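Residue numbers (the working numbering): 2 to 167. Beta carbons: idealized from backbone N, C-alpha and C, even for Gly. Predicted model only: the values in this text are computed from it and were never measured.
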């Protein structure tokens, strides 16, 4: 029986800090779990400020310190086709959620979620923007993203198991 591939899109403002970090962390968790054939991840921004650029060097340094490689990711803006292509469109904060809801066709609104809703320890739904701060902000973002990425993977595994039992 072939498994249905789940496509996950992480979204922040410019796609150079939070969402590429989430993509990199989640891809590694998926790969380490042996599920790269069944779950795919990507990231995008709500704005086109940094299209084509690599993630912020501070985001890359924080990720690298924990074994995640973001160097191949390039910023892109969310596209209309993304709302059909992705099963889960995960906003890094409430502003992103609102923008995504406005951009999405009504039939795709159920796909838009807050990423930190999957977190098990975080006490917030918003991943703070570390761009204008120092290295500690990138470490905090990484902590939140790792928490939510683990919860998301557990949820997708459960979703997959439910689908196989039907």
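Worksheet item: At which residues does the alpha helix (DSSP H) containing residue 25 begin and terminate?
Response: First-last of the alpha helix (DSSP H) with residue 25: 19 to 33.
Item to complete: Pick helix, strand or coil for residue 160, following the three-state DSSP scheme.
Response: It is helical.
Worksheet item: Among residues of its own chain, excluding the 5 on either side of residue 143, which ones have a beta-carbon nearer than 7 Å to its beta-carbon?
Response: For residue 143, where only same-chain residues beyond five positions count, the Cβ hits under 7 Å are 22, 63, 64, 67.
Fill in: Coarse secondary structure for residue 43, derived from DSSP in three states
Of the three classes helix, strand and coil, the one that applies to residue 43 here is strand, per DSSP.
Worksheet item: How about residue 9 and residue 98: are their beta carbons less than 8 Å apart?
Response: Taking the C-beta atoms as reference points, residue 98 is found no nearer than 8 Å to residue 9.
Worksheet entry | Backbone CA spacing between residue 96 and residue 129 [nearest angstrom] | Distance between the alpha carbons of residue 96 and residue 129 is about 11 Å.
Worksheet item: Just to confirm, are residue 146 and residue 52 a CB contact at a threshold of 8 Å?
Response: Between residue 146 and residue 52, the CB-CB gap reaches or exceeds 8 Å.
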